[in-house]
Every structure is written in structure tokens, then in C-alpha cells.
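I have placed the structure first, in the form of C-alpha cells, so that the comments after it can refer back to it.
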Amino acid sequence: MKIIMLGAPGAGKGTQAKKIAEKYQIPHISTGDIFRANIKAGTELGNKAKTYMDQGLLVPDELVVDLVVDRLAQEDCANGYVLDGFPRTIPQAESLDAALAKLGEKMEYAIDVNVPDENIVKRMGGRRACVGCGATYHIEFNPPKKEGTCDSCGENLILRDDDKPETVQKRLGVYHEQTQPLIDYYTNAGILKTVDGTVDMNDVFTSIVQILGE
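Residue numbers (this note's numbering): 112 to 325.
If you want it as C-alpha cells, here you go:
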């Protein structure tokens, strides 16, 4: 079961990807997690990625494609995987398809979690990230037990630069320009499925399970 999650930044595709991975016992592969690990470790890739992310820009293809394709070749992906945050552009999608074709494989589902821009700006402004372990919360939808403190490691929670309204607007602009065309790409490939991302996250997941099957 090879799945790509689509949707604007803050649409909730990451949350749904984790739920899919848990239910179907396949790895959740997030470029965001890879970037955060590298940023925390202060690697060259991490520092390059951080420069773009802090400005609300997308990380260039060459920093991402080889890393993802290598990850998909690992043993735990034998029964499938759910990709979250990749591909972001048509060239990335084409590179992914070409790499899978060499392995005699292809993507099976592209699930678009659809949320209007105005909902996303409000939603992301409420997000808080842990400076220690990277866990994320939302002051309205998923608050920590103690305000401003991570449930997992006790470190401080912050409003990340890329969650601030002005940065979110910029990220949405980049998304519509570069990533929205993937909707057409996967529609033409015959694998696109769209779910309403404005409803409760459990209802979104129910819709996804109806698409993927029990």
C-alpha cells in the first residue's frame, strides 16, 4: 500500500499519515522529520534546510529526492509506506515515479486533505512545537497538559517562525504555485482521492479508511 499525502501546510495531512501508518502497519515517512533531525544535529543539510524553512520556502529538490528514494528502498517499506511532505512539485513526482518504475513499483493512492486557506492560517497560528523533542501541539485542538510545556520531555513549547501568520501566507502562496499542480498530476494518473479536512480529525480518518479499505 503505497500512499502519498497531499494538502496545504497545516491541512492535517501529517496527523492522518501517522494514523494510516499505525492502522496499516506501514512506515510514516516525513521529510519534515528528516529535516528536523538534521537541523537539531546541526548537519550541513539541516542548516541548508533551515534557511529555507525559516523563510517559509520549500527545500529545493536536490536536497530531498535522493534521500527519500533511498529511504523507500529500506526493508521496512516492503509492504508499503505513507509519504508525508513529498513530493511537493511535479519534477519531484516525476523523479519518484521514475525511481519506483525501476523497482517495478508505482504509487497506489494520492490522498488530498482539502482545507481552505483561511482555516489554515487560524489553525497554524495555534500550533506549538517542542524545542526539545519536536513534538507538536495546538492550543485549541491538541493542547499540552500544562500550558507551554511538552508532555513528553518537559521542554518549552514555542510558536515556530514558519507557523506565524505572515509566514503561513507566504507558504500557502508557494504551495498553490508549486504543489497544487500535483492534484492534476495524480488525477491524471487515476490515483487521486480527496477528503474534507475541515471536519474532526477522526472523521477525516474515517473517510480515508473508506478509501483504503479495512
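Cβ atoms here follow ideal geometry from the backbone N, Cα and C, with glycine treated the same way.
Unbroken beta strand (DSSP E) run spanning residue i, endpoints
i	result
residue 124	Premise fails: residue 124 lies in the alpha helix (DSSP H), 124-135, not in any beta strand (DSSP E).
residue 117	113-117
residue 250	Segment: none, residue 250 is in no beta strand (DSSP E) and carries neither H nor E.
residue 263	Counting along the chain, residue 263 falls outside any beta strand (DSSP E), and DSSP gives it neither H nor E.
residue 244	From DSSP, residue 244 is part of no beta strand (DSSP E); its letter is neither H nor E.
residue 139	139-141
Local conformation of residue i per DSSP, three classes
i	result
residue 233	helix
residue 303	strand
residue 257	strand
residue 271	coil
Local Cβ density within 10 Å of residue i, reported as buried at 16 or more and exposed below that
i	result
residue 202	exposed
residue 127	buried
residue 124	buried
residue 139	buried
C-beta contact flag for residue i and residue j at 7 Å
i	j	result
residue 134	residue 219	no
residue 225	residue 305	yes
residue 115	residue 194	yes
Which runs of the beta strand (DSSP E), 3 residues or longer, sit entirely within the stretch 149-229? With a minimum length of 3 residues, the continuous beta strand (DSSP E) runs that stay inside the stretch 149-229 are 192-195, 220-225.
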